[in-house]
Structure formats: C-alpha cells, structure tokens
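Data first, discussion second: the structure below is written as structure tokens.
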Amino acid sequence: MTAISANTRILIKGYLEGFIQGLLDAYKGREIIKPNSAVEYLLRTSSKGQLKPFQAALIPPEIIRINEFERGLSTKLGNSLEECARLIALEHYQDARRSYDIKAEVSLAAFAEAERQKEYYESAVNRGQAKPSLEEMITAVLNCRRSDDLELKTVRADLYILTNDGTEFLFSIKSPKPNKGQCLEVTQRLLRFHLLRGAKRPQLQAYYAMPYNPYGIRKTDYKHSLALKYTPFQEAVVIGNEFWNIVGGTTAYEELLEIYLEVGRDKSKYMLDVLAFGF
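Those letters in the sequence shown? Residues 209 to 487, by our numbering.
So, in structure tokens, the structure goes:
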C-alpha cells in the first residue's frame, strides 16, 4: 500500500508546478547587466547592498540569475514541504492544517516559565552541566500554572495533525542547520504548545521537524553541533524519514521525493529556457 494515493499525487504535482512557476515569474524578468568596464561598474550604487564587482566580472548574467533563483527556491522550499505534508496527512488522519494558531487563556507565570526553562537550558549547555529533558521542562512549565493571572495567548504551529484516535501533533518545521537562537526559540515554542493545550506527551506530540537530513538517512548521521547542543535533540527533533513517517507512513518520504524528481525532470528545460535564455 502506498502512502500517497494517485489523487494526492496529482494535487502535490500540481502544487509544485505552480510553486516553480511562481518563482520563475519572480526571477525571469530580473535584469542583470554585465559590466562594460571596471570604471562603469564601480560607479553603480545599490540601495540593497547587492553589488558584487568580482562576481559580476567573471560570471555571465544568466548564471547569476540561475544562482539567485536557486537561493530563492531554497528560502521558500519549506513552504512547499509544509503543503505537501498537509496534503499527505489528510489522507491518513482526521485533520491537517498549516499555520495553525493555538489560542488559550493561560497563566502568565507558566508562560514566563517557558522562557526561563529556555534560558536554563542554554545556561546548562554553556556551563557543561546536565541538560534537563524535554519532559522535565514541560512538567516545570505546567507546574507553574496559576488561576489568578490568566491571559489569552496565541502560539502558531507550522503544521497541525489530528489523528484518528484524537492525538494531536504540532510541528515547528525549520531548517536542518539552525543557528543557536533558532534552536532555543523552537524549544521554547514546544513548551508553550504543551502549556496552551495543558497536556503532556503522549496526548500531545510537539516536535521540531526537519524535513530532511543533510548528513545522511539515519538520525545518528546528523552532525550539526548547534542543534545537538541547544535542543533536547532525541526527544524534540524528528528529522527526515522520522518526520515523514509520522505524516504519511514508512514510504511517504521516498514517494514524495519521487514526485519532486518527476516535477524537476518535467520542468528542467523550461527553467533553463526562462532563466538563461529569456524565453
């Protein structure tokens, strides 16, 4: 049995084709003027600080445009992966949504405790001390709840899944190579997910999701030191196949990548024509 049905495959492929077309439309009209001379280029100004005299001197404008397109695609790739995850999850679960806002009246003391737990976690790492587990931090936050300091708060999850047995999954989907601040911010966000729902695991499953592993297929292959240090990695992070297995089953990752490959093959000549030759 496949993880992605024929109908969902059509939806995903159509979405990705539109995703690529939108990026092409944004970049195809960008005029990149080759320098006529060193004097001419050095007289140029850029309000956005985009002058690169040595790069512009060596590289044809068409290659620069393709490079800019690739960087733009990399920046927006997470949006496509979120939508694909939503479409796949809808096949297998009661509900799946993107940009899901969790709203609840919660204790301000407990809300602030999530910030303190993040700071305590960072301090433990920096001092070389034993780090608290995610479960310990969730418990500390929930134990700080009071009934006389309630305020409406909202925290957004990138992806929400409601399973058929009523379990909720909340994902913060981010880069597999985050900086230190992103690691700590996501850890705090996971704590606040649990606070606003007033639930621990397994009733609520909140994760930092990395849609792919840049180091290999296994979680043990992962080597990015900041994520390993500044997140409770084993508990809080689902990466690559681990994430897609939750979303759609054991073959979901492979099947989705095949769809991306198909769209890439179908669109490759068109992308080159648009970006390099101006067709």
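Glycine included, every Cβ here is placed at the ideal spot set by N, Cα and C.
Everything numeric in this text was worked out from a predicted model, so none of it was measured.
Could you tell me how far apart the beta carbons of residue i and residue j are, in whole angstroms, since I believe they sit closer than 8 Å?
i, j, result
"K326", "L392", "5 Å"
"L307", "D366", "The identity of residue 307 in the sequence shown is Ser, whereas the question assumes Leu. Indeed, because the Cβ distance is near 7 Å, the residues count as touching under 8 Å."
"Q413", "F377", "5 Å"
Between the alpha carbons of residue i and residue j, how many angstroms are there, rounded?
i, j, result
"R397", "V363", "7 Å"
"I296", "G456", "6 Å"
"T253", "I447", "43 Å"
"Y478", "E278", "15 Å"
"Y298", "S255", "Position check: residue 298 holds Leu in this sequence, whereas Tyr was assumed. Rounded to whole angstroms, L298 to S255 spans 45 Å at the Cα level."
"D481", "T459", "34 Å"
"P269", "Y415", "42 Å"
"E330", "L483", "45 Å"
"R354", "N334", "31 Å"
"K427", "W452", "13 Å"
"C352", "I267", "59 Å"
"E225", "I425", "27 Å"
"R532", "G389", "This structure does not reach residue 532, given that the chain is present from 209 up to 487, and the question cannot be answered."
"E466", "I212", "11 Å"
"R273", "G230", "15 Å"
"M209", "N215", "14 Å"
"V445", "T439", "8 Å"
"Y328", "S433", "19 Å"
"E248", "P422", "42 Å"
Does the ligand GDP have even one heavy atom less than 7 Å from the beta-carbon of residue i?
i, result
"L358", "As for the ligand GDP, it is missing from this structure, which has no ligand bound."
Figure out for me which residue from the options has the closest Cα to the Cα of residue i.
i, options, result
"N387", "L251, A435, K431", "A435"
"A304", "E290, R273, V314", "E290"
"G406", "L224, V314, Y423", "V314"
"N372", "Y301, I267, F441, S245", "Y301"
"Y468", "I272, K221, K408, N215", "K221"
"Y430", "L250, E450, I310, L412", "E450"
"Y368", "I454, G237, L251", "I454"
"I310", "L399, S433, I425", "L399"
"A246", "Q337, T216, L259", "L259"
"C485", "G237, F227, A417, I228", "Per the sequence shown, residue 485 should be read as Phe rather than Cys. Per the Cα distances, G237."
Reducing DSSP to helix, strand and coil, say where residue i ends up.
i, result
"E239", "coil"
"K477", "helix"
"D429", "helix"
"Q337", "coil"
"S255", "coil"
"I310", "strand"
"K388", "helix"
"M345", "helix"
"F485", "coil"
"K361", "strand"
Measuring only between beta-carbons, confirm whether residue i sits less than 8 Å from chain B.
i, result
"A414", "Here there is only one protein chain, and chain B is not present."
Practice item. Decide if the segment 334 to 344 is in contact with the segment 375 to 393; the criterion is three or more beta carbon pairs, one per stretch, under 8 Å apart. Key: Judged by Cβ distances under 8 Å, the segment 334 to 344 makes no contact with the segment 375 to 393, as fewer than three pairs qualify.
Review point. Touching or not, the segment 282 to 296 and the segment 347 to 363, by the rule of three or more beta carbon pairs under 8 Å?
Key: The answer is no - the segment 347 to 363 does not touch the segment 282 to 296, with fewer than three Cβ pairs under 8 Å.
**Study point:** Three CB pairs or more closer than 8 Å across the segment 255 to 267 and the segment 463 to 480
**Key:** Taking a cut-off of 8 Å on C-beta distances, the segment 255 to 267 does not touch the segment 463 to 480, as fewer than three cross pairs fall below it.
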